[in-house]
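Report on the structure given below.
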Amino acid sequence: MAGQWQKLVERVAALPETHEDSLAFSLMMIKLCDCMNCDLGSYKASLGCSTCARRAIGALKGSDRILMRHFEKAKAEVLAYLESIGMKKEKAA
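With this note's numbering, letter number 41 in the sequence shown gets 1044, and the count goes up by one each step, no holes.
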């Protein structure tokens, strides 16, 4: 995939793992891949997380805009959580 999504992936990959955008990206992927319901004995788990993530993104059959909406929603959740626990927000790059 190219465009906005590719730029986001590259930007987030360069950020520290504690950055709000890194946290939001992780949350988004956890939700898209349904990681919380993954079972070690499942076929999906046997493929591995990287393969599962690629498949989840490929299965969306949407534009970069759809993926970016998922990211923005996850980012809003992360920011709301950080604010609720009184953590200072890190500036986005």
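Note that CB positions come from ideal geometry on N, CA and C, so glycine has one too.
- In terms of Cβ geometry, A1077 and A1027 form a close pair [threshold 8 Å].
- Within its own chain, the residues whose Cβ lies closer than 8 Å to the Cβ of E1080, once the five positions on either side in sequence are excluded, are A1027 and L1030, listed in chain order.
- Exposure of C1052 is indicated by the presence of fewer than 16 other C-beta atoms within 10 angstroms of its C-beta.
- It is roughly 24 Å from the alpha-carbon of E1023 to the alpha-carbon of S1066.
- The alpha-carbon of K1047 is positioned some 12 Å away from that of R1057.
- The residue among I1069, Q1007, M1071 and K1034 with its C-alpha nearest the C-alpha of C1055 is K1034.
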